[in-house]
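Asker:
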Amino acid sequence: MPDPAVNPRALVFDSGLGGLTVAREIRSLLPATELLYFADNAFFPYGTKDEATLLAHVRREILQLEKRFHPDIIVLACNSASTLVLPQLRTLTDTPIVGVVPAVKPAAEATDSGVIGLLATPGTVLRQYTAGLIEQFAGHCEVVSVGSAELVEIAEAKIHGAAVSRSQLQAILAPFLQHPRAHRIDTIVLACTHFPLLRDDLQTACELDVEWLDSGEAIARRVHCLLSKRHDLANLPPANRHRFMTSAPLASSPGLEQQLKELGFVMPIWLMEQLD
Ligand code: DGL
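If you're matching positions, the sequence shown starts at 3 in the numbering used here and goes up one per residue.
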């Protein structure tokens, strides 16, 4: 049992920088939680990897990180990984795990028209888990799915300061825009943690009047619920040692450093081997 008077530690895991959108929500709802962010850039991107390879890789990485850093909670801030690994991972550790999966249920509850968009990586779109979510929660809706690996790259580049091309986004969104019932799509699920970084750009590029839904806030609420059972969150001081680490050397940029500082991460960017 952890000491309730010690700041809890959350391991936030993604293939790259997308999980920062989840880290931001956790930091804002749970300032007392120390964030240890892991960007698995050595294996980026996840959304195009075959399932068996990705499953074995993520399972191994998470278990190693857990052994080494003893987090109080693990946040798998990646839809592509969570929709594949979660059920098995939960049988392999007692540490609570919160996974990020497509916000299909809230979208099905929010839509008036009954036509929903799902924007994810190619992997997440094809997962059995995603099909199960749609069947369970959105059986009464029409779900139009678009898988894009390019959008993940665009989001990463944006963090480093690159401009986002409107015509490139429009080409990616074309299956929504050209869908016979396009005018009826009123909700699009951002089912990749990288995509909220592009929310404004997507809105500008998309000619539809839609609500963009992601899972970030709900994940932070779930983390709060689990950690508050064992930690006196309301009376702990804010955590001040958030660290950001990668599995391979990462070429930094003023844009990334600015984002990390904003989120309270202590510089430098660590290579996993360097941290203890
Ligand atoms: N951020 C990830 C997700 O939520 C993974 C993107 C990728 O590496 O392809 O799916």
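No residue lacks a Cβ here, since even glycine has one placed at the ideal position from N, Cα and C.
Since the structure is predicted, the reported quantities are computational estimates derived from the model, not experimental observations.
Could you spell out where the alpha helix (DSSP H) holding residue 60 opens and where it closes?
Answerer: Where residue 60 is concerned, the enclosing alpha helix (DSSP H) stretches over 53-71.
Asker: Per DSSP, which one or two residues make a beta bridge with residue 189?
Answerer: In DSSP, residue 189 forms a bridge with 118, 213.
Asker: State the CB to CB distance for the pair residue 38 and residue 71, rounded to an integer number of angstroms; the pair is presumed to be in contact (CB under 8 Å).
Answerer: Indeed they touch by this definition, with Cβ atoms about 6 Å apart.
Asker: On the DSSP letters alone, give me the boundaries of the beta strand (DSSP E) that residue 29 sits inside.
Answerer: Run containing residue 29: none in the beta strand (DSSP E); it sits in the alpha helix (DSSP H), 22-31.
Asker: How about residue 2 and residue 80: do their beta carbons lie closer than 8 Å?
Answerer: The structure shown does not extend to residue 2, since the chain is modelled only from 3 through 278, so no value can be given for it.
Asker: Note down the Cα distance separating residue 255 from residue 137, rounded to an integer number of angstroms.
Answerer: Distance between the alpha carbons of residue 255 and residue 137 is about 42 Å.
Asker: Residue 249 and residue 96: beta carbons closer than 8 Å?
Answerer: Not a contact, by the Cβ cut-off of 8 Å.
Asker: The ligand DGL heavy atoms versus the CB of residue 150: any closer than 7 Å?
Answerer: Answer for residue 150: no, Cβ out of range of the ligand DGL.
Asker: Assuming residue 128 is part of the alpha helix (DSSP H), what are its boundary residues?
Answerer: First-last of the alpha helix (DSSP H) with residue 128: 124-128.
Asker: By Cβ distance, which residues of its chain are closer than 6 Å to residue 145, with the 5 residues on each side in sequence left out?
Answerer: The residues are 118, 120, 136.
Asker: Exposed or buried, residue 8, counting other C-beta atoms within 10 Å across all chains shown (16 or more means buried)?
Answerer: The residue is exposed, with fewer than 16 neighbouring Cβ atoms inside 10 Å.
Asker: Rounded to the nearest angstrom, how far is the Cβ of residue 23 from that of residue 241, given a contact under 8 Å?
Answerer: At roughly 19 Å, the Cβ-Cβ gap does not stay under 8 Å, so residue 23 and residue 241 are not in contact.
Asker: What number of angstroms, rounded off, separates the C-alpha of residue 167 from the C-alpha of residue 18?
Answerer: Their backbone Cα atoms lie some 21 Å apart in a straight line.
Asker: Do residue 82 and residue 126 have their C-beta atoms closer together than 8 Å?
Answerer: A contact, by the Cβ cut-off of 8 Å.
Asker: Report the rounded CA-to-CA distance for residue 148 versus residue 63, giving the unit in angstroms.
Answerer: The straight-line gap from Cα to Cα measures roughly 28 Å.
Asker: So residue 106 and residue 221 are in contact, right, with Cβ under 8 Å, and what is the actual spacing, rounded?
Answerer: The pair is not a contact, with the Cβ atoms about 15 Å apart (cut-off 8 Å).
Asker: By how many angstroms is the C-alpha of residue 6 removed from the C-alpha of residue 234?
Answerer: The alpha-carbon atoms of residue 234 and residue 6 are separated by roughly 5 Å.
Asker: Could you give the DSSP three-state label for residue 247: helix, strand or coil?
Answerer: It is a strand residue.
Asker: With C-beta atoms as the reference, is residue 200 less than 8 Å away from residue 156?
Answerer: Cβ distance < 8 Å, so residue 200 and residue 156 count as in contact.
Asker: Between which two residues does the beta strand (DSSP E) harbouring residue 253 extend?
Answerer: No beta strand (DSSP E) holds residue 253; DSSP gives it neither H nor E.
Asker: What first and last residue would you give for the beta strand (DSSP E) that runs through residue 275?
Answerer: No beta strand (DSSP E) holds residue 275; DSSP gives it neither H nor E.
Asker: Looking at the secondary structure, which residues open and close the alpha helix (DSSP H) in which residue 157 lies?
Answerer: From DSSP, the alpha helix (DSSP H) with residue 157 extends over 152-161.
Asker: Which residues bound the alpha helix (DSSP H) around residue 203?
Answerer: Looking at the DSSP string, the run of the alpha helix (DSSP H) that includes residue 203 is 201-207.
Asker: Between the Cα of residue 15 and the Cα atoms of 75, 124, 90, which residue gives the shortest distance?
Answerer: Among 75, 124, 90, the Cα nearest to that of residue 15 is on 75.
Asker: Under the three-state reduction of DSSP, which class applies to residue 131: helix, strand or coil?
Answerer: DSSP places residue 131 in helix when its eight states are reduced to three.
Asker: Does the beta-carbon distance from residue 181 to residue 187 come in below 8 Å?
Answerer: In this structure, residue 187 lies closer than 8 Å to residue 181 by Cβ.
Asker: May I have the straight-line CA-CA distance separating residue 203 from residue 219, to the nearest angstrom?
Answerer: Going by the C-alpha atoms only, they are around 20 Å apart.
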